[in-house]
Amino acid sequence: MENDDIKPCLGEPTEPTNIVIFGAGGDLTKRKLVPALIKMLRCNLLHPDSKIIGVAKGRSKEQWIESLHLGLEKYAEIQVSDQQWQTFSNMLNLVPGDLQDDQTYIDLAASLEQLNEHTNAMFYCAVPPGWYTTIASGLHKFGLADEAEGFRRVVIEKPFGMDLQSSRQLNHELQSVLNESQIYRIDHYLGKESVQNLLVYRFANSILEPLWNRNFIDHIQISAAESLGIEYRANYYEKSGALRDMIQSHLMQVMTLVAMEPPVEFTADAVRDEKIKVLRAVRPFNQDDIKQQAVAAQYGSGSIGDESVRAYVAEDGVSPESVTETFAGVRFHIDNWRWQGVPFILWTGKRLPKRVSEIVIRFRKPPFNLFDTHAIPPLANSLVFRLHPDEGIALRMNAKMPGLTTDTQRMVMRAPYSENGEDVSDAYEVLIHDVLTGDATLFSRADEVEESWSIIEPIINAWKDRISVERYRSGTYDVSGMDALFKDCVGGWHQPK
Ligand code: BG6
Numbered sequence: 009m010e011n012d013d014i015k016p017c018l019g020e021p022t023e024p025t026n027i028v029i030f031g032a033g034g035d036l037t038k039r040k041l042v043p044a045l046i047k048m049l050r051c052n053l054l055h056p057d058s059k060i061i062g063v064a065k066g067r068s069k070e071q072w073i074e075s076l077h078l079g080l081e082k083y084a085e086i087q088v089s090d091q092q093w094q095t096f097s098n099m100l101n102l103v104p105g106d107l108q109d110d111q112t113y114i115d116l117a118a119s120l121e122q123l124n125e126h127t128n129a130m131f132y133c134a135v136p137p138g139w140y141t142t143i144a145s146g147l148h149k150f151g152l153a154d155e156a157e158g159f160r161r162v163v164i165e166k167p168f169g170m171d172l173q174s175s176r177q178l179n180h181e182l183q184s185v186l187n188e189s190q191i192y193r194i195d196h197y198l199g200k201e202s203v204q205n206l207l208v209y210r211f212a213n214s215i216l217e218p219l220w221n222r223n224f225i226d227h228i229q230i231s232a233a234e235s236l237g238i239e240y241r242a243n244y245y246e247k248s249g250a251l252r253d254m255i256q257s258h259l260m261q262v263m264t265l266v267a268m269e270p271p272v273e274f275t276a277d278a279v280r281d282e283k284i285k286v287l288r289a290v291r292p293f294n295q296d297d298i299k300q301q302a303v304a305a306q307y308g309s310g311s312i313g314d315e316s317v318r319a320y321v322a323e324d325g326v327s328p329e330s331v332t333e334t335f336a337g338v339r340f341h342i343d344n345w346r347w348q349g350v351p352f353i354l355w356t357g358k359r360l361p362k363r364v365s366e367i368v369i370r371f372r373k374p375p376f377n378l379f380d381t382h383a384i385p386p387l388a389n390s391l392v393f394r395l396h397p398d399e400g401i402a403l404r405m406n407a408k409m410p411g412l413t414t415d416t417q418r419m420v421m422r423a424p425y426s427e428n429g430e431d432v433s434d435a436y437e438v439l440i441h442d443v444l445t446g447d448a449t450l451f452s453r454a455d456e457v458e459e460s461w462s463i464i465e466p467i468i469n470a471w472k473d474r475i476s477v478e479r480y481r482s483g484t485y486d487v488s489g490m491d492a493l494f495k496d497c498v499g500g501w502h503q504p505k
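What follows is the structure in structure tokens.
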């Protein structure tokens, strides 16, 4: 890029790499991967000698590049000048082909050799999970995963299986052709600024650590509320539901970072060793617990803002009898020294009033209420890590109302990460950069994935044969089952406004 286009960014420089995208014509490539790569190139985090090679069938290189350009205009929240697009598109190449055809891998190998003498390669599987082992085997068979002359890293997206058995099988099949160190299981939640900042807040400050335990914290809520419905994804979502889609993956991963002990060093395995200890300490669910500790519900029709929206069962591709949950809440207990007795309540839902994702650390109530004679008794303090929108943290405290009174009022101390949003990196940018620099800290290891499936498997089994599901009106939080999850929690369910 021209010097004018380059904005210096913090971050380790990357080596020239062939970035291969399987599923190059798909939605993920347009919406997330291409905008992230352009942003990285703009700020010097993608080496200009790198090449981006799409693998897709049924289109010419020109058609593919044109569709990426249109996608960028439609989805990306960034302005890209003609010159920037030109520089980026010069890096693009297409290998047409079918993923199950050996010839595709032979063509890909030839193309990589011809394009770039640098042999580092990252293979991004932006395809449905059923293709992961086919691709990994193809790479292995034609020597593309061989790391003799450079790194070869394979990136896969969730879901990593649909239950414990299928996740074990997937891990087994991948590990039979790749080393575990070559597999990057991406969880885009871990690339969010606030999630990474959680680790910095916890381990670069000394004032939080003394409070970060059962003596001071009443409970923790980790949530992802969305206003969108399932859009065009009925096929996947009908089989998945909210428990698998969000809780088993993103929210449990976040929970491990909130709950883990300080790692001995900030390296991938040291962090992941601590995360897996949290998962091992999660109290197993028995059938009686599930009724008290897990909630499923499905959106009915309603309105979000001014827009009327239809019920889940009326969405294209959804069975009118479907009982798939679009809302799930689970109350976890972590049986260890630090967290005994502190509920971790993870919840998520589609078609809720607003898109808000956050971690709420709710502290215990003040032990004695000195101001009880007045209108509002002081509320418990909370520390909120906002993952989306308005990334940042907020500390909710009690303060005196101005004037001749000792009545209290709520005061919120906010610390946004950026005033205008520009400095906040997109999760894909962070995670692609991590793959290129070989930092697997924010990626899930095989044992973590299997452990989290084994924790929620009893809930999956209990829900499998249900014949009905609670309905909530779109645009509301009317999920009555949630009260039970918060029955003994100070301040109850925090519904983001
Ligand atoms: C995806 C889920 O992994 O995460 C989607 O499959 C969900 O259903 C999305 O909408 C939420 O991500 P974000 O970053 O928009 O909160």
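With our numbering applied, the sequence shown covers 9 to 505.
Every residue gets a Cβ at the ideal spot worked out from N, C-alpha and C, and that includes glycine.
Along the stretch 166-215, the alpha helix (DSSP H) occurs as fully enclosed runs of 4 or more residues at 172-183, 201-212, listed in sequence order. Around the CB of Phe224, fewer than 16 other CB atoms lie within 10 Å, so the residue is classed as exposed. Here DSSP, grouped into helix, strand and coil, assigns Phe96 to helix.
Secondary structure in the stretch 95-161: the alpha helix (DSSP H) runs of 4 residues or longer, each lying completely within the stretch, are 110-123, 140-149 in chain order.
Restricting attention to Phe293, Asp343, Gly411, the CA atom closest to the CA of Ile468 is found in Phe293. The DSSP-derived three-state label of Thr37 is helix. In the pairwise beta carbon analysis, the stretch 277-291 is classified as touching the stretch 328-345: at least three pairs are separated by under 8 Å.
For Thr356, the enclosing beta strand (DSSP E) has its first and last residue at 352-357. The DSSP-derived three-state label of Asn469 is helix.
If you check the CB distance, Gly105 and Lys59 do not come in under 7 Å.
Taking 7 Å as the cut-off, the Cβ atoms of Phe335 and Ile367 do not count as close.
Taking 6 Å as the cut-off, the C-beta of Asp253 counts as close to a heavy atom of the ligand BG6. Taking every protein chain shown into account, the CB of Tyr436 has 16 or more other CB atoms within 10 angstroms, so this residue is buried. By the criterion of a C-beta distance shorter than 8 Å, Leu236 is surrounded in its chain by Lys358, Arg359, Arg363, once the five residues flanking it on both sides are discounted. Scanning its chain for C-beta atoms nearer than 8 Å, with the 5 sequence neighbours on each side dropped, one finds around Asn101 the residues Lys59, Ile60, Ile61, Gly62, Lys69, Ser119, Leu123, in chain order. Sequence-distant Cβ neighbours of Glu269 in its own chain, meaning closer than 8 Å and more than five residues away, are Glu282, Lys285, Arg346. Within the stretch 452-503, the alpha helix (DSSP H) runs of at least 4 residues that lie entirely inside it are, in chain order, 454-472, 490-493.
Assignment of Tyr425 by DSSP, reduced to helix, strand and coil, places it in the coil class.
Secondary structure at Ser248: helix, using DSSP grouped into helix, strand and coil. When the five nearest sequence neighbours on each side are left out, the beta carbons in the same chain lying within less than 6 Å of the beta carbon of Pro351 are those of His227, Arg339, in order along the chain.
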